[in-house]
Amino acid sequence: MKLKLTPFFTSSYFSFDFKLKLERKVYKPTILNMGVRGDLLQIVKASKALNSKLFSLPRMLIMRSLADLPEGEVVPFRELKASLDLGDGVLFANLKVLKRMEYIEEQKVTVQGEEMHAYALTKSGREELERMRNWISRWVKKWNDK
-6 MKLKLTPFFT SSYFSFDFKL KLERKVYKPT ILNMGVRGDL LQIVKASKAL
44 NSKLFSLPRM LIMRSLADLP EGEVVPFREL KASLDLGDGV LFANLKVLKR
94 MEYIEEQKVT VQGEEMHAYA LTKSGREELE RMRNWISRWV KKWNDK
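In terms of the numbering used here, the sequence shown opens at residue -6 and continues consecutively.
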């Protein structure tokens, strides 16, 4: 910050005061003055390929827990709720969003004579989860490199 005194006239005939003016130099962010390396910029660019709607804790937990299942197996709503410790409303709303994005599929199954909904990860859900995992791994690695 640079101080600059500039005269201005307050009355007639050679009488003047000084007005204090602060000049601020504006720096435009660049890779050099921010201390940012190119790999962080690549991570930021890669984030644009991700589905930002997936970046919520309940959705990430649901996707990750379904990814542990062998292909072709499903998990009933009741088991998901118990294992993730999410409320009915939170779990249902997030399953609905993931189903709409076609990352999970819903099936009706009968368990002990009771019909219920069960869920599994789709192929596109597995692919998106892998993209997200790779991106998060790169982010964490960059963070730890500090």
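Glycine included, every Cβ here is placed at the ideal spot set by N, Cα and C.
query                                                                                   : result
Segment limits, beta strand (DSSP E) that includes V102                                 : 97 to 104
Three-state secondary structure assigned by DSSP to M125                                : helix
Cβ-based burial, I55 [other Cβ within 10 Å; buried from 16]                             : buried
Nearest neighbour of A111, chosen from L122, E120, E121, E99 [CA to CA]                 : E99
Counterpart residues of E108 in DSSP-defined beta bridges                               : T103
Inter-residue spacing [alpha-carbon to alpha-carbon] between L59 and E120               : 13 Å
Same chain, Cβ closer than 7 Å to V104, five either side skipped, listed in chain order : P69
Alpha-carbon to alpha-carbon, M53 and S76                                               : 14 Å
Local conformation of L114 per DSSP, three classes                                      : strand
For V68, the three-state DSSP class (helix, strand or coil)                             : strand
Short Cβ contact (7 Å threshold) for K92 with L84                                       : no
Beta-carbon spacing of P51, L88 below 7 Å                                               : no
Coil, strand or helix - D81 by DSSP                                                     : helix
Alpha helix (DSSP H) segment containing S58, residue limits                             : 50 to 60
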